[in-house]
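Residues 15 to 173, numbered by my numbering, are exactly what the sequence shown covers, in order.
Don't be surprised by glycine CBs; every beta carbon is placed ideally from N, CA and C.
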Amino acid sequence: ELDSAKTIADAISKEIWCLMNYRFIYKKCKKSSADASVCTYTYYCAQNEKEVQKPHLNDDPSKQRARLKMDRFPCGGSLQITIKDDDLSRPLRLKLAHHQPHIPYVDIAIPKPVKDLVQQFKRENATNKHSLTLFQIYTRVLQEFPATEVTQKQIYALW
């Protein structure tokens, strides 16, 4: 439900992602010095090379994993959405900057229905109704969701 300025800003950001294939990640909120009810929500392109975070490696080398990294670009992508808290009917201002086209953002998040199915198998294994191996669970996920791009490693991480 769009009941706060932040949820409205997030919804606008998501709509822009759907329209442009560029995903914008929330960074900060700045209150206006002239009117405390006005806030500017700032988002940056998820593939902006200036926004890359340093990887947080586990101190134990045996627990460190090689991970695929998202391609980054010098796109300068940013999105600012200014909304008045006491008038959520429309944004006051929308400012979008994206200086270099690049490949679209690919969402690698595990869809909620897949997560729910894995959790169901996890509960069933815990109650010993029937015990499935990780490969069997992954096979069942693929049977239920043939178009999914979820990997066996992602299922393992959920487990």
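Selection from V164, E63 and K126 that minimises the alpha carbon distance to G91: E63
D24, DSSP secondary structure in three states: helix
The stretch 55-62 touching the stretch 123-141, judged by at least three CB pairs closer than 8 Å: no
8 Å Cβ cutoff met for H116 and C89: yes
Spatial distance of K176 from F38 (CA atoms): No answer is possible for residue 176: the residues shown for the chain start at 15 and end at 173.
Inter-residue CB distance, I51 and K98 (contact presumed, cutoff 8 Å): Note on residue identity: the sequence assigns Ser, not Ile, to residue 51. The Cβ separation is near 5 Å, so the contact holds.
C-beta contact flag for L172 and I124 at 8 Å: Against a cut-off of 8 Å, the Cβ pair of I124 and L172 comes out as a contact.
Identified DSSP bridge partners for N62: F87
Cα-Cα separation, K167 to D17: One C-alpha to the other measures close to 37 Å.
Sheet register partners of S92 (DSSP bridge): Y58 and A111
Distance CB(Q67)-CB(F87) smaller than 8 Å: Inclusion of Q67 and F87 in the CB contact set at 8 Å is not warranted, their separation being larger than that value.
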